[in-house]
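Participant: Okay, handing you the structure first.
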Amino acid sequence: GKAEAVLAERPDAKTLLPTLRFLQLPRSREVGQSYLSSVGSTIYAFGAATRMVFQESPDMLLVNGPGTCVPVVGAALLLELLTGHYLCVVFVESVCRAETLSLSGKLLLGVVDRFVVHWKQLADKYAKAEYFGVLC
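Residue 11 in the numbering used here sits at position 25 of the sequence shown, with consecutive numbering throughout.
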């Protein structure tokens, strides 16, 4: 995938890549897909995310803006609710969101442990948002 290709270019790739696992999930919604037709694909993505989160049982999730992260966070909350396994969830908003939050950000603002934005004006607008400067 794309992440592996980018990491393969690093000087430490030979030692780094064997220590990593890349897991893929189906998208909740394709770009331009209607919200109504995305209900089924979101349910499918939530099922896949739930299987993955329950199998991996991570201690932390770092997720970002695209809608793909919403089912993953939902699955993490379900894991925590059903098993008591605490998961720290950190959401990083897209760098292009300078004035308003993405739909994912709006949905997850109240449920994640940390909410990171790239622009000070967003941190000023939302009490839970944390600003550390542009992170990319």
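Even for Gly, the Cβ is constructed at its ideal location relative to N, Cα and C. Predicted, not measured: the structure shown is a model, and the values here were computed from it.
Rounded to whole angstroms, what's the CA-CA distance from G96 to A84? Just pull it up for me.
Facilitator: Indexing the sequence shown from 1 puts residue 96 at position 110. Indexing the sequence shown from 1 puts residue 84 at position 98. Roughly 19 Å separates the two Cα atoms.
Participant: Is V102 closer than 7 Å to V78 when the C-beta atoms are compared?
Facilitator: The residue you call residue 78 lines up with position 92 of the sequence shown. The residue you call residue 102 lines up with position 116 of the sequence shown. Cβ atoms of V78 and V102: closer than 7 Å.
Participant: Jot down the residue ranges of each uninterrupted beta strand (DSSP E) in the stretch 62 to 95, minimum 3 residues, whole runs only, in chain order.
Facilitator: 74 to 78
Participant: Quick check on R7: buried or exposed, where buried means 16 or more other Cβ atoms within 10 Å of its Cβ?
Facilitator: In the sequence shown, residue 7 corresponds to position 21, counting from 1. Per the 10 Å Cβ criterion, exposed.
Participant: Can you list, in chain order, the residues of its chain with a C-beta nearer than 8 Å to that of A31? Leave out the 5 residues immediately preceding and following it.
Facilitator: Position 45 of the sequence shown holds residue 31. Result list for A31: L11, P12, R13, S14, T54, P57, in chain order.
Participant: So what's A113 in DSSP terms, helix, strand or just coil?
Facilitator: Along the sequence shown, read from residue 1 onward, the residue named residue 113 stands at position 127. If DSSP states are grouped into helix, strand and coil, A113 belongs with coil.
Participant: Taking the alpha-carbon of V39 as reference, which of W105, S24, G60 has the nearest alpha-carbon?
Facilitator: Counting from 1 along the sequence shown, the entry for residue 39 is found at position 53. Ranking the options by Cα distance to V39, first place goes to G60.
Participant: Is it true that the CB of V98 sits closer than 7 Å to the CB of V75?
Facilitator: To locate residue 75, count along the sequence shown from 1; it is residue 89. To locate residue 98, count along the sequence shown from 1; it is residue 112. It is a contact, given that the beta carbons lie within the stated cut-off.
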